[in-house]
Amino acid sequence: AVRRQMEALEDRLCAHVARELQRAQQQGDRLREAAVARLEAKVAQAEAAQPKLDRRLAELGGNYRGLSEEMQAQIRRVDQTDARLWEWRHQLDEDLRARLAELEQAC
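Here the sequence shown is numbered in UniProt numbering, starting from 1 and rising by one per residue.
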């Protein structure tokens, strides 16, 4: 009789352990499925945003090129103005020296 009770207890214990193991596996499966679903949603969101980001990046690249070209044009204009100013100053100095020399000879 004790042996049958031990076997019955062992059977109940094994059944309980099996149910708990199955429950734990099911819970693990649900958690894993939920994590995969969240990850898939994030991937889908990133994929949906990618074309917009690509367009924005292309737009910013175009803006950068435009600003760079404009800056180069401004630099060229400043260089030209600086060269003209230097030439004008140089010519003015030469004219003043020549007039000063004329005045010194006249006196």
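The beta carbon of each residue, even a glycine, is placed where N, CA and C say it ideally should be.
It should be emphasised that the depicted structure is a prediction, and the values quoted were computed from it without experimental measurement.
Leaving aside the five residues before and after residue i along the sequence, list all residues of the same chain whose C-beta is less than 6 Å from its C-beta, in chain order.
i: Glu7; result: none
Going by DSSP, what residue range makes up the alpha helix (DSSP H) through residue i?
i: Ala41; result: 2-106
Once the 5 residues before and after residue i are set aside, which same chain residues still bring their CB inside 7 Å of it?
i: Gly28; result: none
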